[in-house]
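Trainee: Residue numbers (the numbering used here), protein chains in the order written: chain L, 1 to 380; chain E, 381 to 642.
Yeah, the Cβ is synthetic: ideal placement off N, Cα and C, and Gly gets one too.
Below is a structure I'd like to ask you about.
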Amino acid sequence: MKYFLSEEELMVKELAHRIAEEKIIPVRQKYDEEEIFPHDIVKIMAESDLFRVFIPEEYGGLGAKIFPMVLAVEELSWGCGGIALAYAGTALGAFPIILFGSEEQKSKYLPKIAEGTLAAFALTEAEAGSDAANIKTRAEKDGDYYILNGTKQFITNAGEADIYTVIALTDPNKGARGATAFILEKGMEGLEFGKKENKMGIRASVTREVIMKNVRVHKSQVLGKEGRGFIVAMKTFDHTRPGVAAQALGIAQAALDAAVKYANQRYQFGKPIASFQAIQHMIADMGTKVEATRALIYSVARAIDAGFTSPKESAMTKVFASDVAMEVTTNAVQIFGGYGYMKEYPVEKMMRDAKITQIYEGTNQILRNVIASRIIKEAK
Amino acid sequence: MNIFVCIKQVPNTAKVKWDLERGTLIREGVESICNPFDLHAIEEALRVKERTGKGKVLVLTMGPPQAEEVLKEAISLGAEDGILISDRAFAGADTLATSYTLSKAIEKIGNPWIIFTGKQAIDGDTAQVGPELAAMLKIPQVTYVRKIVEINENNAVMERLTDYGYDVVETSLPAVLTVVKEINEPRLPSLRGKMKARTFKPVVFTPRDLDVDESRIGLQGSPTSVKKVFQPEMKKGGEKFEGSAEELALILVEKLKELRVI
Ligand SMILES: Cc1cc2nc3c(=O)[nH]c(=O)nc-3n(C[C@H](O)[C@H](O)[C@H](O)COP(=O)(O)OP(=O)(O)OC[C@H]3O[C@@H](n4cnc5c(N)ncnc54)[C@H](O)[C@@H]3O)c2cc1C
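Below, the structure is given as structure tokens:
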């Protein structure tokens, strides 16, 4: 299918594809099995300017666009969903600054991210997953400073990133309206990281706790205004959910590619299994769904770049793409039969990697709530 | 100080087929690529610049107008400028005429610090242009460089790959260095490099721009003529036997008897 990408968009897609093919695929199995964080690949992505595509030009970027970011995430995830997350997670950590940062904050942090310094976004806590408003992390005012205390859980890139956007309560009595976003830096006194989580999939990505023990943060590190923490978080997700969707899409495309190749090579009953209609129909459905996913993500990403953002459509990309990725990777394993269940073949990893896309940045249940409430409201 | 890199556009020989009757390559429809060894030369030039903070990386190629593509590739990797030596009069050049022409272009631009080339081009496989270029420019040459150990404005110490290991060689600069693929892993292009390459137009040198003796360029200046091109017969793969040591020993004895070796 032709999407009439601009020359620059094509460049991003082709370059990210090349990185996936030449640098990521040869190491993905090892990095998955040994849980190796891909600093070496991050360096290659940075030298290729991939981090610049979502950063504004004034800060060393190439235009603060969602669409090329989505193209890069798709292609990198086609190589490995876990390795790609070092990149996508950094975009998640960067968007609060891009969208809400002061001039000073932007010029301090964005040029670094453009060059490949990793970032992270910390909202989730043990008692606040889907119920994000239930966070307990406190930020108490002390003159020109805030004192942060609390523990964030399941934070992507934690420990490896240098820049953190953290949501904490400045006024616990106000509930969701009492939350504020802060920029923290690795190395600040009292900012610590928990042990690396041992995960089902995306094992080349790191997930750790972010632990704050009396971290003193100057008020110049507040993102947006005090009390606007959840607005920062939600607007950020509107921009980054298509990125998670693109991760799912890349994984699904990789599983489809692998399944088709295998179906042509594997002989049973004296014929390639691709000649059996049962297999063909699976392939037809997989291909159709992958293409529908791509069309949805690309059009939403383009709409966002043109100035239209909507929680509904962004949520739709993530829900649809992640459900497709789960289905397509599961069916890819099915097409591989017993071999698909073995680690020598890449599809079992894709199935494990796909699962997370239905869970993070809002579970698909929660996002269906978001989508439904908007649709129902629009109809009234 | 200029770091020159002489590169060549070649057919992707991995994909070339032979016209067995005529003994020539079937070039139609085969994509052109930058000679793979030259990518290592470009990479090393960029690394020397990054490591010393000195020099300007200039890529040079002689070829038809479409050879511009390899210069663009070099620009996308980080080379600062590219020069295309292109004219009908240069066509049909052998290694002697090529190195003569390249030497004239380098003399014209001037101020060489290092001249890199790949160890050979994968189409002709002669490995002659580098050494000839050094002779024409009357400067030292180090071939098959696999590592630059030390480098400053006037000297370089390097390792050159040999059949038995490696030699450590010191040379004064400027010099011609031809590199092997073991020297580095070429980088991927950057987006900013690709954008620069998109609008890049090389300086084009014709015989009139260079102070050349017309009898020494192109076909006229090429004493080499190819007598015959043929495909050597492929060695047939051996026969493979499996079994226990005793069984294999028996098979082996039988075979040796068959061949009247024993
Ligand atoms: C690998 C990984 C990386 C992550 N990275 C980050 C990160 O970088 N930053 C960050 O802040 N967080 C991150 N998270 C956290 C992630 O966003 C949360 O795990 C997710 O939002 C779900 O929260 P929970 O795990 O507490 O599940 P729960 O909220 O406990 O949900 C459990 C189940 O109940 C369902 N459920 C809950 N409430 C409702 C409801 N009202 N209606 C219907 N169903 C409901 C959920 O859909 C789910 O199926 C990460 C998580 C993982 C696993």
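When the Cα of TRP78/L is compared with those of LEU184/L, ASP257/L, PHE237/L and GLY101/L, which residue comes out closest?
Mentor: Here residue 78/L refers to the residue found at position 78 of the first sequence. Considering only alpha carbons, the answer is ASP257/L.
Trainee: Can you grab the Cα-Cα spacing for the pair GLU9/L / SER299/L, in whole Å?
Mentor: For the purposes of this step, residue 9/L is taken as the residue at position 9 of the first sequence. For the purposes of this step, residue 299/L is taken as the residue at position 299 of the first sequence. Cα to Cα, GLU9/L sits roughly 14 Å from SER299/L.
Trainee: For a cutoff of 8 Å on Cβ pairs, would you count LEU223/L as touching chain E?
Mentor: If you number the first sequence from 1, residue 223/L lands on position 223. Answer no: the Cβ-Cβ gap between LEU223/L and chain E never drops below 8 Å.
Trainee: Secondary structure at LYS518/E, three-state DSSP: helix, strand or coil?
Mentor: For the purposes of this step, residue 518/E is taken as residue 138 along the second sequence, with counting starting at 1. Coil, per DSSP.
Trainee: Is ALA415/L near MET69/L, with beta carbons less than 8 Å apart?
Mentor: Limits of chain L in this structure are 1 at one end and 380 at the other, which puts residue 415/L out of reach.
Trainee: With a 10 Å radius around its C-beta and 16 neighbouring C-beta atoms as the bar for buried, classify ARG468/E as buried or exposed.
Mentor: Against the second sequence, residue 468/E aligns to sequence position 88. Per the 10 Å Cβ criterion, exposed.
Trainee: For VAL290/L, I'd like the list of residues in its chain whose CB is within less than 8 Å of its CB, leaving aside the five on either flank, ordered along the chain.
Mentor: The count along the first sequence starts at 1 and reaches residue 290/L at position 290. Excluding sequence neighbours, VAL290/L sits near LEU249, ALA252, GLN253, LEU256, VAL324 and VAL328.
Trainee: Hey, would you say the C-beta of SER314/L is under 7 Å away from at least one heavy atom of ligand 1?
Mentor: If you number the first sequence from 1, residue 314/L lands on position 314. Flag unset: Cβ of SER314/L not near ligand 1.
Trainee: Quick check on DSSP: helix, strand or coil for GLU140/L?
Mentor: Sequence index remark: in the first sequence, residue 140/L carries index 140 (1-based). Of the three classes helix, strand and coil, the one that applies to GLU140/L here is strand, per DSSP.
Trainee: Are the region 444-460 of chain E and the region 523-543 of chain E touching by the rule of at least three beta carbon pairs closer than 8 Å?
Mentor: No contact exists between the region 444-460 of chain E and the region 523-543 of chain E.
Trainee: Classify ASP543/E as helix, strand or coil using the three-state DSSP reduction.
Mentor: Position 163 of the second sequence, counting from 1, holds the residue named residue 543/E. Residue state, collapsed to three classes: coil.
Trainee: Flag THR363/L as yes when its Cβ comes closer than 7 Å to any non-hydrogen atom of ligand 1, and as no otherwise.
Mentor: Walking along the first sequence from the start, residue 363/L turns up at place 363. Yes - ligand 1 has a heavy atom lying nearer than 7 Å to the Cβ of THR363/L.
Trainee: If you follow the beta strand (DSSP E) that PHE100/L is part of, which residue opens it and which one closes it?
Mentor: Taking the first residue of the first sequence as 1, we reach residue 100/L at position 100. Not the beta strand (DSSP E): PHE100/L falls in the alpha helix (DSSP H), residues 81-100.
Trainee: Closer than 8 Å is the cut-off here; do at least three beta carbon pairs connect the region 469-479 of chain E with the region 355-366 of chain L?
Mentor: No: the two stretches stay apart, fewer than three of their Cβ pairs being nearer than 8 Å.
Trainee: Taking the CB atoms as reference points, tell me whether CYS386/E and THR497/E lie closer together than 8 Å.
Mentor: Mapped onto the second sequence, residue 386/E falls at position 6. Mapped onto the second sequence, residue 497/E falls at position 117. Yes, Cβ-Cβ distance for CYS386/E and THR497/E is below 8 Å.
Trainee: According to DSSP, simplified to helix, strand and coil, what is GLU638/E?
Mentor: Position 258 of the second sequence, counted from the first residue, corresponds to residue 638/E. DSSP places GLU638/E in helix when its eight states are reduced to three.
Trainee: Is it the case that the Cβ atoms of LYS561/E and PHE417/E are separated by a distance below 8 Å?
Mentor: The residue labelled residue 561/E in the question sits at position 181 within the second sequence. The residue labelled residue 417/E in the question sits at position 37 within the second sequence. For LYS561/E and PHE417/E, yes; Cβs fall inside 8 Å.
Trainee: Start and end of the beta strand (DSSP E) containing MET212/L?
Mentor: Residue mapping note: residue 212/L aligns to position 212 of the first sequence, counting from 1. That run of the beta strand (DSSP E) goes 207-218.
Trainee: Using a 10 Å radius around the Cβ and a threshold of 16 neighbouring Cβ atoms, would you call TYR341/L buried or exposed?
Mentor: If you number the first sequence from 1, residue 341/L lands on position 341. By the 10 Å Cβ count, TYR341/L comes out exposed.
Trainee: Starting from ASP399/E, trace the alpha helix (DSSP H) in both directions and tell me its first and last residue.
Mentor: Within the second sequence, the letter at position 19 stands for residue 399/E. Unbroken run through ASP399/E is the beta strand (DSSP E), 397-399; no alpha helix (DSSP H).
Trainee: Can you list, in chain order, the residues of its chain whose CB lies under 7 Å from that of LEU71/L, leaving out five sequence neighbours each side?
Mentor: The sequence position of residue 71/L within the first sequence is 71, counting from 1. Excluding sequence neighbours, LEU71/L sits near GLU9, VAL12, LYS13 and ALA16.
Trainee: What does the alpha-carbon distance come out to for the pair GLY61/L and TYR164/L?
Mentor: Mapped onto the first sequence, residue 61/L falls at position 61. Mapped onto the first sequence, residue 164/L falls at position 164. Distance between the alpha carbons of GLY61/L and TYR164/L is about 19 Å.
Trainee: Of the residues that make up the region 42-65 of chain L, which ones have a beta carbon closer than 9 Å to any beta carbon in chain E?
Mentor: Under the 9 Å Cβ criterion, the region 42-65 of chain L contributes ILE44, GLU47, SER48, ASP49, LEU50, ARG52, VAL53 and LEU62.
Trainee: Compare the beta carbon distance of GLU189/L and ARG216/L with 8 Å and say whether it is the shorter of the two.
Mentor: Indexing the first sequence from 1 puts residue 189/L at position 189. Indexing the first sequence from 1 puts residue 216/L at position 216. Their beta carbons are under 8 Å apart, which means GLU189/L touches ARG216/L by this criterion.
Trainee: Strictly below 8 Å CB to CB, what residues from chain E border ARG18/L?
Mentor: In the first sequence, the residue the question calls residue 18/L occupies position 18. Neighbours of ARG18/L on chain E, chain order: LEU568.
Trainee: Return yes when at least one heavy atom of ligand 1 lies under 7 Å from the C-beta of LYS136/L, else no.
Mentor: Against the first sequence, residue 136/L aligns to sequence position 136. Incorrect: LYS136/L has no Cβ contact closer than 7 Å to ligand 1.
Trainee: My understanding is that ALA120/L touches GLY89/L, with C-beta atoms under 8 Å, so please give their C-beta distance in whole angstroms.
Mentor: As a position in the first sequence, residue 120/L is number 120, starting the count at 1. As a position in the first sequence, residue 89/L is number 89, starting the count at 1. Going by Cβ atoms, the distance from ALA120/L to GLY89/L rounds to 6 Å, so yes, they are a contact pair.
Trainee: Indicate whether at least one CB of chain E lies closer than 8 Å to the CB of MET69/L.
Mentor: The residue given as residue 69/L occupies position 69 in the first sequence. So, not an interface residue.
Trainee: Could you tell me whether any Cβ in chain E is nearer than 8 Å to the Cβ of VAL73/L?
Mentor: Counted from its first residue, the first sequence places residue 73/L at position 73. No, because no Cβ of chain E sits closer than 8 Å to the Cβ of VAL73/L.
Trainee: Closer than 8 Å between beta carbons: that is the criterion. Which residues of the region 76-92 of chain L meet it against chain E?
Mentor: Correct list: empty, as no residue qualifies.
Trainee: What does the Cβ neighbour count give for THR542/E, buried or exposed, with the cut at 16 atoms within 10 Å?
Mentor: The count along the second sequence starts at 1 and reaches residue 542/E at position 162. Under this definition THR542/E is an exposed residue.
Trainee: In the structure shown, what three-state DSSP assignment does ARG228/L receive?
Mentor: Walking along the first sequence from the start, residue 228/L turns up at place 228. DSSP places ARG228/L in coil when its eight states are reduced to three.
Trainee: When DSSP labels each residue in this structure, what does THR117/L get in the three-state scheme?
Mentor: Counting from one through the first sequence, the residue named residue 117/L turns up at place 117. THR117/L falls in the coil class under three-state DSSP.
Trainee: Using a Cβ-Cβ cut-off of 7 Å (strictly less than) and excluding sequence neighbours within five positions of PRO582/E, which residues of its own chain qualify?
Mentor: Reading the second sequence from its first residue, position 202 is the one you call residue 582/E. For PRO582/E, where only same-chain residues beyond five positions count, the Cβ hits under 7 Å are GLU448, LEU451, GLY462, ILE463 and LEU464.
Trainee: Relative to chain L, which residues along the region 570-602 of chain E have a C-beta separation below 9 Å, given in chain order?
Mentor: Result list: SER570, LEU571, ARG572, GLY573, LYS574, MET575 and ARG578.
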